[in-house]
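Undergrad: Numbering (the numbering used here), first residue to last: 129 to 267.
Ideal Cβ positions, reconstructed from N, Cα and C, are used throughout, including at glycine.
Here the structure is a predicted model, which is why all the values come from computation and not from measurement.
Here it is, the structure in full.
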Ligand code: AMP
Ligand code: ZN
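So this is what it looks like as structure tokens:
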């Protein structure tokens, strides 16, 4: 995965605005931020997405998102915070190296993350509930 830009950034081969680093992760400022302070958490070892990241690294990554959220909150640069993590093109992933967005938010900022609400029938709701209740036992 030598051509992966986030591998190069995470391992310090390409410069970045790093705000935190440990053995497994680098946290950088997004180059095109939704708002000032928009951070990306990058594992140093390549994984395309959440499905390729092992459970320990996944826990550590989301644990780190709390640390970053606390830093943003205590810096008084946001009224709210979104934690966002995209997997796959259909979900908006544009860089195929796992990353978590930590996005500072303010009332009436220009960031749009909303979905169009839909309504499922009782059958549709029960069918999806049944499938997921079964599948979750495998993990
Ligand atoms: P996603 O759409 O979830 O894959 O998010 C990719 C994010 O990476 C976007 O918010 C980009 O602005 C950001 N990004 C892309 N290239 C760089 C880079 N070289 N340095 C910092 N952030 C980047
Ligand atoms: Zn990579």
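1) DSSP three-state call for residue 179: helix, strand or coil?
2) Just reading off the alpha helix (DSSP H) that residue 287 is part of, what are its end residues?
3) How would you write the range of the alpha helix (DSSP H) that residue 153 sits in, first residue to last?
4) Along the chain, where does the alpha helix (DSSP H) containing residue 135 start, and where does it finish?
5) Could you tell me the alpha carbon to alpha carbon distance between residue 245 and residue 162, rounded to whole angstroms?
TA: On the basis of the supplied data:
1) coil
2) Absent from the model: residue 287. The displayed extent of the chain is 129 to 267, so no value can be given.
3) Taken as a continuous stretch (DSSP letters only), residue 153 belongs to no alpha helix (DSSP H), being part of the beta strand (DSSP E) at 153-157.
4) 133-138
5) The straight-line gap separating the alpha-carbon atoms of residue 245 and residue 162 is approximately 23 Å.
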